[in-house]
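Colleague:
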Amino acid sequence: MRAILWLAIVVIGTVSLGVVALHRGETLNAAWLVVAAVCIYFIAYRFYALFIAEKALGVNPARPTPAYVRNDGLDYVPTNRYVVYGHHFAAIAGAGPLVGPVLAAQMGYLPGTLWILAGVVFAGAVQDMTVLFMSTRRDARSLGDIIRSEMGPTAGTVAGIGVLLICVIILAVLALVVVNALAHSPWGTFAVACTIPIALLMGVYNRYFRPGRIGEMSIIGFVLLIAALVFGRTVAETPALASWFTFSGPTLALLIIAYGFCASVLPVWLLLAPRDYLSTFLKVGTIVLLAVGIIIVRPDLQMPAVTRFIDGTGPAWAGSVFPFLFITIACGAVSGWHSLIASGTTPKLIENERDIRFIGYGGMLMESFVAIMAMIGATVIHPGVYFAMNSSGALIGTDVAQAAQVISNWGFTVTPTELTQMAHDVGETSILSRTGGAPTLAVGMATILSGFLGGKALMGIWYHFAILFEALFILTTVDAGTRVLRFMLQDLVGHALPAFRETRSWTNNLVGSALACVLWGYILYQGVIDPFGGIWTLWPLFGTSNQMLAAIALIACTVILFKMKRGAYAWVTIVPTAWLVICTVTAGLEKVFSADTKIGFLSHARQFGDAIAAGKVLAPAKSMADMSRVVFNDYIDATLAALFVAVVLTMVVYGYISIRRAQSAPGITAREIGAVPA
Amino acid sequence: MDFLRSAYKWAAQAARLMVGVPDYETYVEHRRAEHPDEPLMTYEQFYQNRLKARYTIDKDHLRGCC
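Read top to bottom, the protein sequences are chains A and B. Here my numbering is used: the first residue of the first sequence is 11, the next is one more, and so on. Here my numbering is used: the first residue of the second sequence is 1485, the next is one more, and so on.
#1: Would you kindly check if the distance between the Cβ of residue 114 (chain A) and the Cβ of residue 10 (chain A) is under 8 Å?
#2: Could you tell me if residue 633 (chain A) is buried or exposed, where buried requires 16 or more neighbouring beta carbons within 10 angstroms of its beta carbon?
#3: Taking any Cβ of chain B, which residues in the segment 267-279 of chain A have a Cβ under 7 Å from it, in chain order?
#4: Is there a Cβ from chain B that is less than 8 Å from the Cβ of residue 96 (chain A)?
#5: Please state the DSSP three-state secondary structure of residue 280 (chain A).
#6: Can you confirm whether residue 1522 (chain B), when its beta carbon is compared against all beta carbons of chain A, has any partner nearer than 8 Å?
#7: What residues in the segment 491-512 of chain A have a beta carbon less than 9 Å from any beta carbon of chain B?
#8: For residue 564 (chain A), which residues in the same chain have their Cβ closer than 6 Å to its Cβ, ignoring the five residues on either side in sequence?
#9: For the alpha helix (DSSP H) containing residue 137 (chain A), name the first residue and the last one.
#10: Is residue 344 (chain A) close to chain B? Criterion is C-beta to C-beta, closer than 8 Å.
#11: Leaving out five residues on either side along the sequence, give the residues of the same chain with a beta carbon under 7 Å from the beta carbon of residue 504 (chain A).
#12: Answer yes or no: does any C-beta atom of chain A fall closer than 8 Å to that of residue 1502 (chain B)?
#13: Helix, strand or coil for residue 620 (chain A) per DSSP?
#14: Find out if the Cβ-Cβ distance for the pair residue 496 (chain A), residue 315 (chain A) is shorter than 8 Å.
#15: Quick one, which of A:366, A:645 and A:446 has its alpha-carbon nearest residue 398 (chain A)'s?
#16: Quick check: residue 702 (chain A) and residue 432 (chain A), are their CB atoms within less than 8 Å of each other?
#17: Can you list the residues of chain A that residue 1534 (chain B) reaches, using a CB-CB cut of under 8 Å?
#18: Relative to the C-alpha of residue 293 (chain A), which candidate in A:514, A:100 and A:358 has its C-alpha closest?
#19: Could you run through the segment 182-196 of chain A and flag, in chain order, every residue whose CB is less than 9 Å away from some CB of chain B?
#20: Report the rounded CA-to-CA distance for residue 554 (chain A) versus residue 392 (chain A), giving the unit in angstroms.
#21: State the DSSP-derived secondary structure class of residue 360 (chain A), mapped to helix, strand or coil.
#22: What number of angstroms, rounded off, separates the C-alpha of residue 253 (chain A) from the C-alpha of residue 269 (chain A)?
#23: Report back the beta-carbon spacing between residue 145 (chain A) and residue 345 (chain A) to the nearest angstrom; my notes put them in contact at under 8 Å.
#24: Residues of chain A with a CB under 7 Å from the CB of residue 1527 (chain B): which are they?
#25: Please state whether DSSP places residue 1533 (chain B) in a helix, a strand or coil.
#26: Please list, in chain order, all residues of the same chain as residue 1550 (chain B) whose beta carbon is under 6 Å from its beta carbon, the five residues on each side excluded.
#27: DSSP beta-bridge partners for residue 519 (chain A)?
#28: Buried or exposed: which applies to residue 256 (chain A), given that a residue is buried once 16 or more other Cβ atoms fall within 10 Å of its Cβ?
#29: Can you give the beta carbon distance from residue 388 (chain A) to residue 451 (chain A), rounded, assuming they're within the 8 Å contact cut?
#30: In whole angstroms, what is the alpha-carbon distance linking residue 688 (chain A) and residue 151 (chain A)?
#31: In the structure shown, what three-state DSSP assignment does residue 89 (chain A) receive?
#32: Could you pull out every residue in the same chain whose Cβ sits closer than 8 Å to the Cβ of residue 191 (chain A), ignoring the five residues on either side in sequence?
#33: In chain order, what residues of the same chain have a beta carbon less than 7 Å from the beta carbon of residue 769 (chain A), not counting five sequence neighbours either side?
#34: Between residue 1514 (chain B) and chain A, is the shortest Cβ-Cβ distance under 8 Å, so that the two count as touching?
#35: Do the segment 517-526 of chain A and the segment 150-165 of chain A meet, that is, are 3 or more Cβ pairs less than 8 Å apart?
#36: With DSSP as the reference, label residue 149 (chain A) as helix, strand or coil.
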């Protein structure tokens, strides 16, 4: 009976995937994508994940987990697997899986979808599960600790530098997504600005009136949030009010940097915690809502399976399928960040090693499904609208007539009226060059959700709801991330100046926060004023850094498998490691050295440098000052890309040395904590 | 009915854990069983303790960004 069921799933999955892959011409219904993805997830979970758990890792249901060994009722608590699953998913889900697929959609829905599915099955979910397993076997220690103890202190430090770099890039890029979504949008800006007083109110309520009543305060916050969202339309339609909330990109960038600084020095109960509660619940709720929406509406995908930009000349980001598609979609396929979560709070809650497959592998499958939904969201809208939103002003100009003409010439026929109409439908003055993924996804979500709740009249509300939902958790990240960066800087500078390490000192916190904000703020600001549109320049750097961390985590897992004398199964992590190393190193080197000025930072700097020497101003720069800034930033970006490559290669070398050592050792050399495996 | 009640209990427990607050009853049971002579935190103290733990940053607690 079971065999028949699985056979049916295999057949349905194969047929759906075949339809998705081979479909040409007419529009394709999103249901095919959903069914193909879900069948693949089930098959991968039932067979491949089980193989990895039982054969490669050798989970031992009899081995007591840290939750039992160190049970304190607080951090270490044996917890029901479904409850841990919810916790783990909420911790790993973020902005990454929502933005990457939207950008990848410029090549059509097919290339991105195939990478999301293959990536999660063979790389992303394997990484999450294996790291979770390794950490559970080591008293729930962190990835950094595991690397230090299994591969030596130098490897640990190199990995630490990698994490610091990612933190800077990630904060800058995520803040840039918010800036691009809110620039010249009084409705969105008003709603997002309101989240600050709402969070403060919740914080005070929770501190002084009803401590610990999370449900109560979240409901109050949610009601106020929706009120702000609805009232935002009135703000946008009243010129006197709208002018208060209409900002240019650079002004918004400065405001967000200032916000990041203030938020990160305030006590956590006042702003960070209530905002975190709101954004966590809103995030999970919206993801569920979107899934329901897609299943009920079953929209048609307007974007072709493969567009002409498969050749690497697309307007959202430059570069060919290999390696750039694989770094553009980072989080939905494989995300290095998850290795930090999987070696953080989750392993302290695992009741039994048997649950690791469900929580680690299964949690990542759900994240991948979020990426598939983002892909659907980006491709249900008119391709002309998609390209109008994701191309910088340098390519399509700043008025709808010119934009419509340029995009129609690319082969995606669209009229100026269609572009104006879409802007009007979602309650904005313009949708041109709203790069960064979030606004595109918001239009897609508004299209889907208004399809079953509210119709066209509510499209504006849904669009801004989607913007609010993304901005809310990105700003929470900005706050929390600035604190993390501050800590890492304090730790780093503390080597030279020990007094700086004292985290209870106000001076240290102020200086540390300011330093952290300057670091990511600088990159954010250069992204906002970048004549090419910052996403074009910065997203590939972010993708490379995230995949780099994933490669580091997988290298550590591979080393440990060899140290456990399970080298015969180590291919389960070697294959994704090799792929990620090839992708990040190729992408990093191309970003630095490619002769194509659209891709290589150095050749681009040379092109602009030569023009400066000749006294010429190259579009889209408008002045000589613009020109020198472009050159300077090119060098910074080139340095970052080169650093990523250096970190990955160093880790590969350390990994290789550790593996050889493990192979020549007579017995098991893995340093597990707790019971010795039988 | 029982099913609904336990489903609600699980959902509430999962929602709280998502924001870093584990089950208080489990904590009380654990303390009663393992450390019966030691003082027990009230729910409010327990909550403040968890709030602090969630946002404290050190080498082992670098909460993610992505």
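Glycine included, each C-beta is placed from N, C-alpha and C at the ideal position. Computed from a prediction, not measured in an experiment: that's the story for all the values here.
Modeller: Per the coordinate set shown:
#1: Missing from the structure shown is residue 10 (chain A); chain A here goes from 11 to 688 and no further.
#2: The residue in question, residue 633 (chain A), is exposed, as its Cβ has fewer than 16 Cβ neighbours within 10 Å.
#3: Along the segment 267-279 of chain A, going in chain order, the ones with a CB nearer than 7 Å to a CB of chain B are 278 and 279.
#4: Yes, because at least one Cβ of chain B sits closer than 8 Å to the Cβ of residue 96 (chain A).
#5: Reduced to three states, the DSSP call for residue 280 (chain A) is coil.
#6: So, not an interface residue.
#7: Under the 9 Å Cβ criterion, the segment 491-512 of chain A contributes 491, 493, 494, 496, 497, 498 and 501.
#8: If the five residues before and after residue 564 (chain A) are omitted, its C-beta is found closer than 6 Å to the C-beta atoms of 137, 583, 586 and 587, all from its own chain and listed in chain order.
#9: The continuous alpha helix (DSSP H) containing residue 137 (chain A) extends over residues 135-146.
#10: So, not an interface residue.
#11: Taken in chain order, the residues that qualify are 510 and 511.
#12: Interface residue, yes.
#13: Note: residue 620 (chain A) maps to helix in three-state DSSP.
#14: Not in contact: residue 496 (chain A) and residue 315 (chain A) (Cβ atoms no closer than 8 Å).
#15: Answer by Cα proximity: A:446.
#16: Outside the shown range of chain A, which is 11 to 688, sits residue 702 (chain A), and nothing can be said about it.
#17: Listed along chain A are 84, each with a C-beta nearer than 8 Å to that of residue 1534 (chain B).
#18: Of A:514, A:100 and A:358, the residue nearest in Cα terms is A:100.
#19: Taking 9 Å as the cut-off between beta carbons, the residues of the segment 182-196 of chain A near chain B are 184, in sequence order.
#20: For residue 554 (chain A) and residue 392 (chain A), the distance between alpha carbons rounds to 30 Å.
#21: Collapsing the DSSP output to three states places residue 360 (chain A) in a strand.
#22: Answer to the nearest angstrom: the Cα atoms are 20 Å apart.
#23: Incorrect: roughly 16 Å between the Cβ atoms, too far for contact.
#24: Chain-order list of chain A residues neighbouring residue 1527 (chain B): 222, by C-beta distance under 7 Å.
#25: Note: residue 1533 (chain B) maps to helix in three-state DSSP.
#26: Summary for residue 1550 (chain B): the model assigns pLDDT 43, below 50, so the residue's position carries little reliability, and this model does not support an answer.
#27: Note: residue 519 (chain A) sits in no beta bridge, so no partner.
#28: Buried, by the Cβ-count rule.
#29: The pair is a contact, with the Cβ atoms about 6 Å apart (cut-off 8 Å).
#30: In this prediction, residue 688 (chain A) has a pLDDT of 43, which is less than 50 and means its spatial position is unreliable; nothing more can be read from the coordinates.
#31: Correct three-state label for residue 89 (chain A): strand.
#32: The residues are 198, 444, 446, 448, 449, 452, 477, 480 and 481.
#33: Given that chain A is displayed from residue 11 to residue 688, the structure contains no residue 769 (chain A) and the question cannot be resolved.
#34: By this cut-off, residue 1514 (chain B) is an interface position.
#35: The answer is no - the segment 150-165 of chain A does not touch the segment 517-526 of chain A, with fewer than three Cβ pairs under 8 Å.
#36: Per DSSP, reduced to three states, the secondary structure at residue 149 (chain A) is coil, with no helix or strand assignment.
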